[in-house]
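What follows is a set of notes on a single structure, which appears directly below.
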Amino acid sequence: MRLAAACLALFLTIAATASAQVAGSPSGMIAISPREELAQHQRMEQAFAALQPQRRGVVDTYVLSVGFWDEHVFQHEAEGAAAVLGQRFSAAGRTLILTNGEGPGTPRTYPGARPYQLASAIGRLGEVMDRSEDVLVLFMTSHGNPDGSMAIQEQMRTRFALRPQYLREALDEAGIKNRLVIVSSCFSGAFIPALQNENTIILTAAAYDRTSFGCQPERDWTYFGEAFINQSMRQNRPLLDAFSTAKMLIESWEARDNVRPSLPNSSVGAQTQVIQGAMTGRVR
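Numbering (our numbering), first residue to last: 1478 to 1761.
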């Protein structure tokens, strides 16, 4: 529990700062009710209890898929990514989904995706997995901010921002070595400088100064999620081949729409063979 507590402290600092920034917005300051908070806690505890332990001598992969904004497109994309990545990385029983739902009045299925919940999930995975041997696949989807942070909203009430450097600190604190981080948002290339190292692969939907597309609430996938997860990864291609194929698909869609290219980015560390080798499963 020490790792979870450390990550929690880090993200509570982020949450306090972000909440102060939206203090002028009435919708941003309405508290989540005690009943909702209890339900969130219970869903998280159930999800943690369902995680399978790591197997000695086996490179296990743990998938954490997060939809930060409370709209259908992001919840569906987080669900779909968890399903596809879970199959490609043979992560049955080792997959967590966090989402902020689809807006007020809609039923909740998963633990929430506020900063402290993300911190708890990272901390818990750091306790369950072999931190030097196993692989973490972290998929995150939301709107992005021009400063490079990811936007977080739950039930149109609470708002936060996840900044790249704080995610790096949380992963470092949890001691997770082998990381595949996939970021589906505008300006997501900003995560690369903060997260890159020899044991990390980072794939982003856009360059640090570009928007990405397809995030209308009624859609099932963003352009990036559709091209990379729902099409290329379902074709059982190797990881980086799937990303290259997705980039070409996105380029064709953006040319059709006559919009400024999003320029999906990647960073592949020199010691990431274990990550690429862990993708042994196939989508059925």
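For each residue, glycine too, the CB sits at the ideal point set by N, CA and C.
Residue i burial status per 10 Å Cβ neighbour count (16 or more: buried)
i	result
Thr1699	buried
Arg1601	buried
Gly1534	exposed
Pro1623	exposed
Ala1500	Below a pLDDT of 50, predicted positions are generally treated as unreliable, and Ala1500, at 32, falls in that range; the measurement from the model is reported next regardless. Flag for Ala1500 reads exposed.
Arg1759	exposed
Glu1514	exposed
Gln1564	buried
8 angstroms Cβ cutoff met for residue i and residue j
i	j	result
Ala1569	Tyr1539	no
Trp1671	Pro1715	The sequence given here places Ala at residue 1671; Trp does not occur at that position. No; because the gap between Cβ atoms is not below 8 angstroms, this pair is not in contact.
Met1606	Val1543	no
Ala1747	Glu1675	yes
Gly1613	Ile1653	Sequence check: residue 1613 is Leu here, not Gly. Cβ distance < 8 angstroms, so Leu1613 and Ile1653 count as in contact.
Leu1615	Arg1656	yes
Ile1706	Ala1555	no
Simplified DSSP assignment, three categories, for residue i
i	result
Met1725	helix
Met1710	helix
Glu1631	strand
Tyr1700	helix
Arg1601	helix
Gly1621	strand
Ile1678	strand
Tyr1587	coil
Gly1652	coil
Ala1638	strand
Leu1613	strand
Ser1744	strand
Tyr1643	helix
Asp1607	coil
Pro1592	helix
Rounded separation between residue i and residue j - CA only
i	j	result
Thr1688	Gly1666	10 angstroms
Asn1577	Asp1734	30 angstroms
Pro1741	Phe1664	10 angstroms
Ser1597	Ser1510	20 angstroms
Phe1720	Tyr1685	17 angstroms
Tyr1587	Ile1574	6 angstroms
Ala1527	Ala1516	17 angstroms
Ala1524	Ala1755	23 angstroms
Thr1572	Glu1610	17 angstroms
Asp1697	Gln1632	19 angstroms
Ala1628	Thr1681	15 angstroms
Thr1583	His1549	10 angstroms
Element boundaries [beta strand (DSSP E), containing residue i]
i	result
Ile1659	1655-1661
Leu1541	1538-1544
Residue span of the alpha helix (DSSP H) that contains residue i, given as start and end
i	result
Ile1752	1750-1754
Ile1669	1668-1672
Leu1575	Counting along the chain, Leu1575 falls outside any alpha helix (DSSP H), though it belongs to the beta strand (DSSP E) covering 1572-1576.
Leu1562	1549-1565
Glu1513	1511-1527
Neighbour flag for residue i against chain D, beta carbons, 8 angstroms
i	result
Leu1613	Within the model displayed, chain D is absent; a lone protein chain is all it includes.
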